[in-house]
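Everything on this sheet refers to the single structure shown next.
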Amino acid sequence: MTARIRTRGRRGQDADTAADAPAGAALPARGLRFLLARRRVLLRLTAWSVLETGQTFLIGYGPARALDEGFLRGRADVGLVWLAVTGLGVLLGAYGTARVYAAVAALVEPLRDRLVERVVTRGVRTGDAGSLSGLTQQVEIARDTFAGLVMVSRSFVFTAAGALAGLFTLAPPLLLVVGPPLIVGMALFAATLRPLARRQETFLVADEALAGDLGTVCPGLRDITATGAEAQIAAGTGERVEAELRAARALAHWGVLRVASLTIGGQLPIVLLLAAGPWLLSHGVTAGALVGALAYVTQSLLPALRNLIHGLGTSGSRLTVVLRRLAGKDTGTARPPDTGPRPGPGPGPADATADHGAPPPAFSLASVTFAYGPASAPVVQDLDLALPPGAHLAVVGPSGVGKSTLTALVAGLLGPSHGTIRVGGHPVPGPKAAAARVLIPQEAYVFSGTLAENLAYLRPDAVPGEELLAAAEAVGLAPLAERLGGLDARIDPAALSAGERQLIALTRAYLSHAPLALLDEATCHLDPGTEERAERAFAARPGGTLVVVAHRISSARRAGRVLVMDGRSTAYGSHEELMRSSGLYRDLVGSWTPAPARRGSEPALALRDAYRVDAVAGPGLAGDGRHVVAHRPVGEVQAPGDLRDGGSLGREG
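With the working numbering applied, the sequence shown has no gaps in its numbers, which climb one by one up to 655 at the end.
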């Protein structure tokens, strides 16, 4: 998986920055010029907003007069007339609001057109990869946010004007109760706008950085695991998560002040009006005026102030960030840095040499213990092993004893419970250790693309065709490459057999710079001749070290060293040494070795049958206490305990 920052040349970057800096730095001035150029639209917007002011004025004044001059004096007809006037004002206000939306559209759409023009021009001029995102997402965010800000700002201004005018008309003392907390709340909110916008921008940038990092990491999880870069990638992603968390907490702290300003400016006046009710009534304020004042605060000022605070506090800072991005000031701010090693460009043989003295082992394990769960028995326990550079090791043992687990530990895909692992002298996990080894699992990974692209996948540089062909010839891929149509032939992974995919993956690993090759039954779908050719090619790589999880005795015979695993116990040595010292190894060799033809029939299924059942007991079949053998009429079996454990079945059955 590759996470790279696309950068331009320094000279071109400076030129673009110089050209765009005035646009970002003079953003408020450009916005003011944009509005002044549309004075007619602003005048039309103001005119229609006056109807909303009238609606706001009547929403408190009408009920107050209906009470004082109508219902409280026993004149219901007068009260109903005032309520009808109030209802008419609401209808006129609704009509004005509908016309306001049309005026806002006439103001917003030119902004969208200018932003689209700028994004397209910039994308054509510079080939900016973010132009499509700017065109499809950021421009629409700017358009919608700007429209929302115009609506909430305009609504608050005209609503506040209508409500304050109504309060003054009803009774000037009402302004002494409602005005001061409203002013204090607005002042507190205004004081938090700039720091709140900065923290909102910091949060947005942190969120975009995290999203960009996850967008790079998630599609490459297979490659991250294959290169053993989990710890490094997790650390980098964790830093971005922590950065977003810190930004969110800072934004939340300032958000408390935003709530406080709403409480002081919009909700405190309600409490003060109720608490000061007796005083107001004793100073000439009528009951209807007091009810009208409550209507102004609850139905007009509080909703308008709430919309303004939430709109400017969140959408305003978001609009600033988007406009700066579209103006070119913050291009590339949120692009994530390189988060991990590219699979393949590892050190060559010379890089694996220590600065002084003998070269370090190709890999080493010191007191390594591993279990798949806290309550599980260890699969590997207290294992010490050091393999010199250029060695050829075969790992053998019964199924499930930890052979694949061992290769995963060396590759850094699993972490030991105890002990330390090093590859080429570098600790595992780590980027240097990951670059020094290549792991080929049993299920080979081949992707859609050309054969050349698949083979050169682990190389950071372009690989000459001659080198690709030479590697294919060495590993045994050449006949398949010719049959597919050459290096430029496109590959459909689903159309390839398991063995063909393994050959491609083996050649890819052969071409990598990693000196340590781990073959975890990576040749199990190949015929013995092709398997031998591939293993000999890896073993002959200059400075290369080969570890093979063997599934045929021929692989163990070709290896210079053999590691026999059987749970907690292990044995290590050459084929000949282990034949003398390890009973388990002799049993494995016996189960691998076919019986001579003259001694009778052989099992219809291989001893390694996945179901652990052999259909026929031949004289060369070893009873090792792990098999059930069908050797009588159909449906009857012989329990493994009844066989002579470890010996040839010979005449049994």
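Backbone N, C-alpha and C define an ideal beta-carbon position, used for all residues, glycine too. All values derive from a computational prediction rather than experimental measurement.
Its chain contains 154, 158 as the residues whose beta carbon lies nearer than 6 angstroms to that of residue 310, once the 5 sequence neighbours on both sides are disregarded; these appear in chain order. Per DSSP, residue 444 lies in no beta strand (DSSP E) and is assigned neither H nor E. Between residue 383 and residue 446, the C-beta spacing is not below 9 angstroms. Taking a cut-off of 8 angstroms on C-beta distances, the segment 256-273 touches the segment 281-299, as three or more cross pairs fall below it. Take the alpha-carbon of residue 579 and the one of residue 437: they are about 34 angstroms apart.
DSSP places residue 449 outside both helix and strand once states are collapsed to three, so it counts as coil. Selection 62, 94, 46 evaluated against residue 106 yields 46 as nearest (Cα-Cα).
Annotated three-state conformation of residue 422 is strand, per DSSP. The bridge partners DSSP lists for residue 387 are 367. In the three-state scheme derived from DSSP, where H, G and I count as helix and E and B as strand, residue 577 is classed as helix. Listed in chain order, the non-local C-beta contacts of residue 450 below 8 angstroms within the same chain comprise 492, 493, 494, 495, local neighbours out to five positions each way being set aside. Under the three-state reduction of DSSP output, residue 263 falls in the helix class. For residue 41, the enclosing alpha helix (DSSP H) stretches over residues 41-67.
Per DSSP, reduced to three states, the secondary structure at residue 571 is strand. Contiguous alpha helix (DSSP H) elements confined to the segment 266-300 occur at 270-277, 279-284, 289-298, taking only those with 4 or more residues. Ranked by Cα distance from residue 460, the options 425, 545, 506 are led by 506. Sixteen is the threshold: when 16 or more other Cβ atoms of the shown chains lie within 10 Å of the Cβ of residue 533, as they do, the residue is buried. The Cβ atoms of residue 442 and residue 508 sit closer than 9 angstroms to each other. Closest in alpha carbon position to residue 209, among 182, 240, 227, is 240. Taking a cut-off of 8 angstroms on C-beta distances, the segment 513-527 touches the segment 537-549, as three or more cross pairs fall below it. Within its own chain, the residues whose Cβ lies closer than 7 angstroms to the Cβ of residue 390, once the five positions on either side in sequence are excluded, are 363, 364, listed in chain order.
In the DSSP assignment, residue 493 is bridged to 451. Residue 561 sits in coil when the DSSP states are folded into three classes, being neither helix nor strand. By alpha-carbon distance to residue 423, the top candidate from 156, 371, 480 is 371.
For residue 425, the closest C-alpha among the options 469, 286, 434, 79 is that of 434.
Comparing C-alpha distances from residue 576 to each of 161, 256, 61, 565 shows the shortest one belongs to 565. DSSP, read as helix, strand or coil, puts residue 104 in helix. Partner residues in the beta bridge of residue 566, as assigned by DSSP, are 398, 573. Secondary structure note for residue 204: its alpha helix (DSSP H) is the uninterrupted segment 175-219.
Going by DSSP, residue 479 is part of no alpha helix (DSSP H) at all; its letter is neither H nor E.
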